[in-house]
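This report refers to the structure that appears directly beneath it.
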Amino acid sequence: MAPSPLIKMNLYLSGKDIIYIPTKSEIAETFTTVLEEIIHIMGTIPRLFEKFGLPAGGLKKFTEVIRNDADSNKLQSLINTEIEFNISLLLDHIRMWEPYSHIWKTDKDEFLEQYRIEGHKAADFDALIINYSNLANAVQIQETINQIHFITLNSSNLKKSIIAHCLVWQTKLGELLRRITEADIDVVYEYIERSSVEAMTMPVDLAELASAMATYERLMSEIAPFEKTFPPITDQMQTLAKFDVECSSDMQSRHENIPIVWTEYLNLLEEAKKALELNKDKFKAELLEQAEATPTSSDVSGKDAMAQLKAFREQLNALRAQEQQIRDGLAVFNLTTPVNLDLQKMEKELEKLEEVWGLVYQWEESWEKYKTQTFWEMETDEMEDNVMFLFRNFNRLSRQLKDKGWDIIDTTRVKVDAFRRTLPLIGDLKNPCMRERHWDRIKALMGVEFDQDSEDFKLELIVRLNFQMYSDDIAEISNAATMELNIENGLKAIREVWKNTTYEMQHHKGDMYRIKNVEDVMQFLEDHQVQLSSMKSTKYVEPFIKEVDYWEKSLGYVAECIEISLQVQRRYLYLESIFSGEDIRKQLPNEVIIFDTLAADWTEVTSNMYAGSNAVEACLYKPAPYLFNKLNKMVDNLDGILRALEKYLETKRQLFPRFYFISNDDMLEILGNSKKPQLIQVHLKKLFDNVNKIRIDKRNRLITPTVNGVHLADQAVRKNEGCSQNFKASPNMFVKMTVKQIYNIPNAEVEESGDKASDVFSIE
């Protein structure tokens, strides 16, 4: 059974989205806070004991009772669930409108512009307008009021908005069809007007006669295709009338007069045809006379200059134009003239000569530019592209025209090829990695002096000094310059890194510091040592060998110092906590003296390392190998202390064998805190399996163990004095004394049942 209506809700169309009011947040705010509202209201109602100042008697305020009431919270949770469920049903219902979403989501102007470009017919407009009417009817018959669980949904406003969109679509489609139809009518009238002018323009010479005849033939061929545009215009006008789209009276009149205007145009074409026929006789005699007088051959030739070729081209073009004019004129009368084979042959010859001399001219211009250009201003990429283009074309022409015997091709090709071979040399000389020492090597190699930075150092000088003879050696020097620059840049990068790289250290105590993090330093050391090793393995390291050796030794020394410093720090911090206890200091007096000396040395080392501006200076605050030797000696002394400490712990284990059950660190913590028995409670379980805790009454110095959760009665008083192993022995005795309380048996039986007590308390 559906719930009773509780909420009235309306659907609206906002922009391109369907919205509902009240919104989800408003509904949630109203229903999900019911319990809080009740609590808030009940907060104003006092209970009787509050009103009359009586004792509470265990009663709580109404707000507390309601807030903690399980049924109230359950009801609120059910309300929240129902709200979410009802909203989900509402969204499902709204999705029912998605099939109609294109009505309001589609951009109307953009769609209609594309529709106009696609050139749809009147039938398409008719079907689309009817489709929007059907969509409006389909929307209208949808249920206006719907019961969605406990929401009464009113879709009236949404339906009105969608139907309004459909009406807008119909109106815009009608207006678009009207504009298209009006434009089509204008095209008809403009075409008739323009074509009438073209048809009635009479020629004044032979060339215009041929053009006029061609125009007439074109206009006649356009009649049938153009007439096919009239029926679609009529269909468009009928569609506009069908949907009562308003059209101007002028537009309707122009449409109705199209057949009349078109008939007049056809009559005009007939008159134009008669006029052109009358002009043919006028030009016939002139054409025949001109054809007989025009020369049809040419003996003009030119190979040695672009000026001669240009002049000859002008003459040839004039002859071609004259020949074409005669041929066009005679074509009107279906007459032909023979092809001038000499002219055709000369034209082909001229084209090849123009190509050859064009390339020659391009090379000469390029060479003049290159040889006078300052060396450092040369663009080798542009030069290479240009020379390779010329070289490929001269090779092609040399093959194609080898039967012509034109020396200019092979002569120029040789020059271009020679220059092409010097381009890699120019690239090597322009290498930005070249330094003065490399130029000195080139000068010594060639045995000549020159100033590569002067304005006189040009391509012409390079060719004159025969640089190309030493191209291989120069290439090697240039490559060496590149490799040396890589080494130089690598060393520069290493200097910059170690200029600012430091250890991450923090204050420990007094003047002593602690090395906290060396990961970055170690990573740099590893990377740079690999780089330096790679540099030394090449033959290009010679100019920088001293610096490479310095960094290799320095970074190796820093790495060794860091490694041994961390060893010293680990041992020192480990022993520092051990020697902080007075008992151990008393037991190992010689080692304490050595350790205190080491502490002073370690303070001096760490304070100097901390004062260094970078990691290298931190290790070289005194010349190597001072720090390395000092740290090695400290490691040896610390190892000696650790060995002595191991012997000391072994003696304690022999005194109290249960110490074998625990590690050195736990044992040192116990021995170091012999006067702080509370700190050794955590180790009791490791020493006595069934003794979890010892209660200590400091006032009476009593020690009472708890065995498997049972607190044993105070059967004896043990003083907590002396060494820890004695302190550990006292619970052992204490357990034996109180075992009878646990088993409720006489003392004699306890003494005789040693195995039972051992099983329960694990006492040795």
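According to UniProt numbering, the residues represented by the sequence shown are 1 to 764, in order.
Virtual Cβ for every residue (Gly too), placed ideally from N, Cα, C.
Report task. Say whether the segment 153-169 touches the segment 130-140, bearing in mind that this needs 3 or more beta-carbon pairs closer than 8 angstroms, one atom from each stretch. Result -> Short answer: they touch.
Report task. Starting from the Cα of TYR513, find the closest Cα among GLN523, SER607 and ALA481 and give me that residue. Result -> By 1-based counting over the sequence shown, the position of residue 513 is 513. Of the listed residues, the one whose Cα sits closest to TYR513 is SER607.
Report task. Grab the span of the alpha helix (DSSP H) containing ASP71 for me, first residue to last. Result -> Taking the sequence shown and counting its residues from 1, one reaches residue 71 at position 71. 70-94 is the extent of the alpha helix (DSSP H) around ASP71.
Query raised in the report: In three-state DSSP terms, what is THR181?
Result: In the sequence shown, counting from the first residue as 1, residue 181 sits at position 181. Correct three-state label for THR181: helix.
Query - 8 angstroms Cβ shell around TYR621 - same chain, five flanking residues per side excluded - result: Locating residue 621 in the sequence shown gives position 621, counting from the first residue. So the qualifying residues of the chain are ASN608, MET609, ALA611, GLY612 and LEU627.
Query raised in the report: Just to confirm, are LEU397 and ILE409 a CB contact at a threshold of 8 angstroms?
Result: Within the sequence shown, residue 397 is the residue found at index 397, counting from 1. Within the sequence shown, residue 409 is the residue found at index 409, counting from 1. In this structure, LEU397 lies near ILE409, with their beta-carbon atoms less than 8 angstroms apart.
Query - Nearest neighbour of GLY447, chosen from MET469, CYS433, SER454 and LYS458 [CA to CA] - result: Counted from its first residue, the sequence shown places residue 447 at position 447. Looking at the Cα atoms, MET469 is the closest of the given residues.
Requested in this report: Leaving aside the five residues before and after LYS16 along the sequence, list all residues of the same chain whose C-beta is less than 7 angstroms from its C-beta, in chain order.
Outcome: Taking the sequence shown and counting its residues from 1, one reaches residue 16 at position 16. Result list for LYS16: TRP104 and LYS105, in chain order.
Query raised in the report: Just to confirm, are VAL568 and LEU638 a CB contact at a threshold of 8 angstroms?
Result: The count along the sequence shown starts at 1 and reaches residue 568 at position 568. The count along the sequence shown starts at 1 and reaches residue 638 at position 638. Closer than 8 angstroms, so yes.
Query raised in the report: Where do the N-terminal and C-terminal ends of the alpha helix (DSSP H) with ASN629 fall, by residue?
Result: For the purposes of this step, residue 629 is taken as the residue at position 629 of the sequence shown. Taken as a continuous stretch (DSSP letters only), the alpha helix (DSSP H) holding ASN629 covers 626-655.
Query - Bridge-paired residues (DSSP) for GLN147 - result: As a working note, residue 147 is residue 147 in the sequence shown. For GLN147, DSSP records a beta bridge to THR152.
Query - Ordered list of alpha helix (DSSP H) runs contained in the segment 564-638, each at least 4 residues - result: Segments of the alpha helix (DSSP H) lying fully in the segment 564-638: 582-587, 589-611 and 615-619.
Query raised in the report: What is the DSSP secondary structure of GLN252, reduced to helix, strand or coil?
Result: If you number the sequence shown from 1, residue 252 lands on position 252. Looking at GLN252 - three-state DSSP - the assignment turns out to be helix.
Query raised in the report: Hey, is the segment 473-488 in contact with the segment 566-584, meaning 3+ C-beta pairs nearer than 8 angstroms?
Result: When C-beta atoms of the segment 473-488 are compared with those of the segment 566-584, fewer than three pairs fall below 8 angstroms, so the two segments do not count as touching.
Query raised in the report: Taking ARG116 as the reference, which of ARG178, ILE162 and ILE163 has the closest Cα?
Result: For this step, residue 116 is matched to residue 116 along the sequence shown. Here the closest residue by C-alpha is ARG178.
Requested in this report: Measure the beta-carbon distance from ASP428 to SER366 and round it to whole angstroms, keeping in mind my assumption that it falls under 8 angstroms.
Outcome: The residue you call residue 428 lines up with position 428 of the sequence shown. The residue you call residue 366 lines up with position 366 of the sequence shown. Between ASP428 and SER366 the beta-carbon gap is near 21 angstroms, outside 8 angstroms, which marks them as no contact.
Requested in this report: Leaving aside the five residues before and after residue 767 along the sequence, list all residues of the same chain whose C-beta is less than 6 angstroms from its C-beta, in chain order.
Outcome: There is simply no residue 767 to check, as the chain begins at 1 and stops at 764 in what is shown.
**Report entry** 8 angstroms contact criterion, which ALA272 and TYR216 should meet: CB distance rounded
**Finding:** Within the sequence shown, numbered from 1, the residue matching residue 272 stands at position 272. Within the sequence shown, numbered from 1, the residue matching residue 216 stands at position 216. Confirmed, about 6 angstroms.
Query raised in the report: With a Cβ-Cβ cutoff of 8 angstroms, do LEU566 and GLN529 count as a contact?
Result: As a position in the sequence shown, residue 566 is number 566, starting the count at 1. As a position in the sequence shown, residue 529 is number 529, starting the count at 1. Contact flag unset, no.
Query raised in the report: In whole angstroms, what is the alpha-carbon distance linking ASN146 and LEU75?
Result: Taking the sequence shown and counting its residues from 1, the one referred to as residue 146 is at position 146. Taking the sequence shown and counting its residues from 1, the one referred to as residue 75 is at position 75. One alpha carbon belongs to ASN146, the other to LEU75, and they sit about 27 angstroms apart.
Requested in this report: Taking HIS508 as part of the beta strand (DSSP E), name the residues at either end of that continuous run.
Outcome: Counting from 1 along the sequence shown, the entry for residue 508 is found at position 508. Residues 504-509.
Query - Length of the line joining the Cα atoms of ALA713 and LEU687 - result: Indexing the sequence shown from 1 puts residue 713 at position 713. Indexing the sequence shown from 1 puts residue 687 at position 687. With a pLDDT of 44 at ALA713, under the threshold of 50, the predicted position of this residue should be treated as unreliable, and no value is reported.
Query - Option in ASN590, PHE62 and ASN629 with minimal Cα separation from ILE564 - result: Taking the first residue of the sequence shown as position 1, residue 564 is located at position 564. Measuring C-alpha to C-alpha distances from ILE564 to each of ASN590, PHE62 and ASN629 identifies ASN629 as the nearest.
Query raised in the report: If we ignore side chains and look at the alpha-carbon of each, how far apart do LEU11 and LYS24 end up?
Result: Looking up residue 11 in the sequence shown gives position 11. Looking up residue 24 in the sequence shown gives position 24. Going by the C-alpha atoms only, they are around 13 angstroms apart.
**Report entry** Local Cβ density within 10 Å of MET213, reported as buried at 16 or more and exposed below that
**Finding:** Against the sequence shown, residue 213 aligns to sequence position 213. Label assigned to MET213: buried.
Report task. List the endpoints of the continuous beta strand (DSSP E) containing MET9. Result -> Here residue 9 corresponds to residue number 9 of the sequence shown, with the count starting at 1. Counting along the chain, the unbroken beta strand (DSSP E) around MET9 starts and ends at 7-14.
Query raised in the report: Can you check whether the CB of LEU401 is closer than 8 angstroms to the CB of residue 770?
Result: A question about residue 770 goes unanswered here, because the residues of the chain that appear run from 1 up to 764.
Query - N- and C-terminal bounds of the alpha helix (DSSP H) containing ASN517 - result: Looking up residue 517 in the sequence shown gives position 517. Note, ASN517: premise wrong, no alpha helix (DSSP H); beta strand (DSSP E) at 512-517.
Report task. With DSSP as the reference, label ILE18 as helix, strand or coil. Result -> What you label residue 18 is simply residue 18 of the sequence shown in a count that begins at 1. The three-state secondary structure of ILE18, taken from DSSP, is strand.
Query raised in the report: Just the Cα atoms here: how many angstroms apart are VAL187 and MET237?
Result: For the purposes of this step, residue 187 is identified with residue 187 of the sequence shown, where counting begins at 1. For the purposes of this step, residue 237 is identified with residue 237 of the sequence shown, where counting begins at 1. VAL187 and MET237 have their C-alpha atoms roughly 15 angstroms apart.
Requested in this report: Note the first and the last residue of the continuous alpha helix (DSSP H) segment covering PRO55.
Outcome: Counted from its first residue, the sequence shown places residue 55 at position 55. Where PRO55 is concerned, there is no enclosing alpha helix (DSSP H), given that its DSSP letter is neither H nor E.
Query - Alpha carbon of ASN68 to alpha carbon of ASN80, nearest angstrom - result: Start at 1 with the first residue of the sequence shown, and residue 68 comes out as number 68. Start at 1 with the first residue of the sequence shown, and residue 80 comes out as number 80. One C-alpha to the other measures close to 18 angstroms.
**Report entry** Contacts around GLU143, its chain only, beta-carbon distance under 8 angstroms, and the 5 residues preceding and following it disregarded
**Finding:** Within the sequence shown, numbered from 1, the residue matching residue 143 stands at position 143. Counting only Cβ-Cβ distances below 8 angstroms, and skipping sequence neighbours, we find SER155.
Query - Three-state class that DSSP yields for LYS458 in the structure shown - result: For the purposes of this step, residue 458 is taken as the residue at position 458 of the sequence shown. In this structure, LYS458 counts as strand in the three-state DSSP scheme.
Query raised in the report: First and last residue of the alpha helix (DSSP H) that includes GLY490?
Result: Taking the sequence shown and counting its residues from 1, the one referred to as residue 490 is at position 490. 471-500 is the extent of the alpha helix (DSSP H) around GLY490.
Query raised in the report: Is it true that the segment 518-528 meets the segment 494-508, where meeting means three or more beta-carbon pairs spaced less than 8 angstroms apart?
Result: Because the criterion of three Cβ pairs below 8 angstroms is met, the segment 518-528 and the segment 494-508 touch.
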